[in-house]
């Protein structure tokens, strides 16, 4: 960690995220791709590309692969929208990324990510 003013360590870091989306890494790995134009990308990467998002805290939204969420659906990936964490989504292989982005409250690729309502 960097030293802050006065020799103290930082106690928080800011990000540009308006949304945080959690994608189950284990589900994605089991499907071995299944998303994107050619159907050969993991969901997190395909969704990031579809929305023209970069990785890291400077992106407009965070799409993060996390360890197993414990649902393990057959032929689908578990996704959690941080803003609506009570309802988890089960996204089937070859799902429409534009429709998924709309369900997650993310704007289409041409306009970036919408700010929170």
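Residue numbers (my numbering): 50 to 166.
Just so you know, even glycine gets a beta-carbon here, dropped at the ideal spot from N, CA and C.
This structure is a prediction, so every number in the text was calculated from the model and none was measured.
Those residues which DSSP pairs with residue i across a bridge
{"i": "residue 93", "result": "Residue 93 is not bridged to any residue."}
{"i": "residue 139", "result": "127"}
Alpha helix (DSSP H) segment containing residue i, residue limits
{"i": "residue 59", "result": "Note, residue 59: premise wrong, no alpha helix (DSSP H); not H, not E."}
{"i": "residue 147", "result": "146-152"}
{"i": "residue 76", "result": "74-80"}
Local conformation of residue i per DSSP, three classes
{"i": "residue 69", "result": "strand"}
{"i": "residue 160", "result": "Here the model assigns residue 160 a pLDDT of 45, short of 50, so the residue's position is not dependable and the matter cannot be decided."}
{"i": "residue 166", "result": "Note on residue 166: pLDDT 47, under 50, position unreliable in the model; the coordinate value appears next. If DSSP states are grouped into helix, strand and coil, residue 166 belongs with coil."}
{"i": "residue 155", "result": "coil"}
Range covered by the beta strand (DSSP E) that runs through residue i
{"i": "residue 115", "result": "111-115"}
For residue j and residue i, believed in contact at Cβ under 8 Å, the rounded distance
{"i": "residue 126", "j": "residue 140", "result": "5 Å"}
{"i": "residue 124", "j": "residue 70", "result": "Actually they do not touch by this definition, with Cβ atoms about 20 Å apart."}
| Is it true that the region 101-110 meets the region 140-150, where meeting means three or more beta-carbon pairs spaced less than 8 Å apart? | no
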